[in-house]
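Asks: Before I ask anything, here is the structure I am working with.
There are 2 protein chains.
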Amino acid sequence: MSDSIWQAIHAEPASGNPFSSNCPSRVVLDHVTSKWGVLVLAALAESPRRWGELHRYIEGISEKMLAQTLRALEGDGFVLRESAGTVPPRVDYSLTPLGRELADLLVPLVRWVGDNVGRTAGAEALGRTA
Amino acid sequence: MSDSIWQAIHAEPASGNPFSSNCPSRVVLDHVTSKWGVLVLAALAESPRRWGELHRYIEGISEKMLAQTLRALEGDGFVLRESAGTVPPRVDYSLTPLGRELADLLVPLVRWVGDNVGRTAGAEALGRTA
DNA sequence: CAGTATCCGCCATGATACTG
DNA sequence: CAGTATCATGGCGGATACTG
Chain A
445 MSDSIWQAIH AEPASGNPFS SNCPSRVVLD HVTSKWGVLV LAALAESPRR WGELHRYIEG
505 ISEKMLAQTL RALEGDGFVL RESAGTVPPR VDYSLTPLGR ELADLLVPLV RWVGDNVGRT
565 AGAEALGRTA
Chain B
445 MSDSIWQAIH AEPASGNPFS SNCPSRVVLD HVTSKWGVLV LAALAESPRR WGELHRYIEG
505 ISEKMLAQTL RALEGDGFVL RESAGTVPPR VDYSLTPLGR ELADLLVPLV RWVGDNVGRT
565 AGAEALGRTA
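Chain order of the listed sequences is A and B. Under this note's numbering, think of the first position of the first sequence as 445, with each following residue one higher. Under this note's numbering, think of the first position of the second sequence as 445, with each following residue one higher.
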């Protein structure tokens, strides 16, 4: 990875340099790389899904965090929420074109981690980082 | 992204399926996608750096979090720590080959977010996700 | 079904002080 | 310079109850 890339970003505050503490990209990056954000995006990258499907598919996520994560990603413009307006309700979530771009970068990363967990020193040794 | 990929993982508990709540990949994924982990990895992807350099380069990170993040990533086998053993101390951090693989996936993601912050719906609207 | 509202614990995070 | 130790806190995240 050439240094010039980052240095260009560093020199140009108008674009988003995540290394700057006041950069808005930090916020988006936090959404994207949040504990659940990455899994929600990866799940939706496979196919559009309904609320309940997501809830079941992403094991361990609470209703609160699913709602919160979805709203954050929707707010970022990565996720599209479509309510059927029927009763009982039916709501479908999918990736926006922007979200698709992001997911195309994110999914390989998630896959790599999943595939290479065994090669990491730990996961045992990692019980806690503190 | 083909569904079959994920489904294969789903069907094979031996590999790491991040959608499973008990999967070790969740832990590593949390390290990698942690607030500071992603920035540390991206910073080291540019070039090896000393402690102080990292501290200054990654704006806003506290000493504690830098140390903690570095130790977590070192424990995962992504980061190599080399102490010169001199006094005053000099410690260099760099990516391991495994870390390099990971960074090659991670850096494009970070760059994309940085480059596309302006296209996201918000960063203004995102003040808080709660 | 698809959420929202509320309460709450705990840990991640941060600030400060100290050290080899 | 390169950390560690300690303390304080806030907000992330979970559980539960409730609703249209």
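Note that CB positions come from ideal geometry on N, CA and C, so glycine has one too. The model shown is predicted, which means the values in this text are computed figures rather than measured ones.
Examine chain A for any beta-carbon lying closer than 8 Å to the beta-carbon of Gly558(B), and answer yes or no.
Replies: For this step, residue 558(B) is matched to residue 114 along the second sequence. Gly558(B) counts as touching chain A.
Asks: Can you say whether Gly496(A) is buried or exposed, counting buried as having 16 or more other CB atoms within 10 angstroms of its CB?
Replies: Indexing the first sequence from 1 puts residue 496(A) at position 52. Gly496(A) is exposed by the Cβ-count criterion.
Asks: Where Lys508(A) and Leu539(B) are concerned, what is the direct C-alpha to C-alpha distance, given to the nearest angstrom?
Replies: Here residue 508(A) refers to the residue found at position 64 when the first sequence is read from its first residue. Here residue 539(B) refers to the residue found at position 95 when the second sequence is read from its first residue. Cα-Cα distance, rounded: 37 Å.
Asks: For Ala547(A), which of Ser469(A), Asn466(A) and Gly481(A) has the nearest alpha-carbon?
Replies: Position 103 of the first sequence, counted from the start, is the residue given in the question as residue 547(A). Minimum Cα distance to Ala547(A) is reached at Gly481(A).
Asks: Please list, in chain order, all residues of the same chain as Ile449(A) whose beta carbon is under 6 Å from its beta carbon, the five residues on each side excluded.
Replies: As a working note, residue 449(A) is residue 5 in the first sequence. Confidence in Ile449(A) is poor, its pLDDT being 42 and thus under 50, which makes the residue's placement too unreliable to answer from.
Asks: Excluding five sequence neighbours on each side, which residues of the same chain lie with their C-beta closer than 6 Å to the C-beta of Leu524(A)?
Replies: The count along the first sequence starts at 1 and reaches residue 524(A) at position 80. Cβ neighbours of Leu524(A) beyond the five flanking positions: Ser538 and Thr540.
Asks: In three-state DSSP terms, what is Val554(B)?
Replies: The residue given as residue 554(B) occupies position 110 in the second sequence. Here Val554(B) sits in helix by DSSP.
Asks: Tell me whether the beta-carbon of Gly521(A) lies closer than 8 Å to the beta-carbon of Ala565(B).
Replies: Along the first sequence, one-based indexing puts residue 521(A) at 77. Along the second sequence, one-based indexing puts residue 565(B) at 121. Yes, these two residues count as a Cβ contact at 8 Å.
Asks: Within the 8 Å Cβ cut-off, does Ala565(B) reach chain A?
Replies: As a working note, residue 565(B) is residue 121 in the second sequence. Judged by the 8 Å Cβ criterion, Ala565(B) is in contact with chain A.
Asks: May I ask you to report which of helix, strand or coil DSSP gives Glu526(B)?
Replies: Position 82 of the second sequence, counted from the start, is the residue given in the question as residue 526(B). Strand, per DSSP.
Asks: Could you compute how far the alpha carbon of His475(A) sits from the alpha carbon of Arg515(A)?
Replies: Working through the first sequence from its first residue, we reach residue 475(A) at position 31. Working through the first sequence from its first residue, we reach residue 515(A) at position 71. Each residue's alpha carbon lies about 10 Å from the other.
Asks: In three-state DSSP terms, what is Arg534(A)?
Replies: Translated into positions along the first sequence, residue 534(A) becomes position 90. Residue state, collapsed to three classes: coil.
Asks: Out of Ile502(B), Ala511(B), Arg555(B) and Arg494(B), which one is the CA nearest neighbour of Ala528(B)?
Replies: Your numbering for residue 528(B) matches position 84 in the second sequence. Nearest option by C-alpha distance: Arg494(B).
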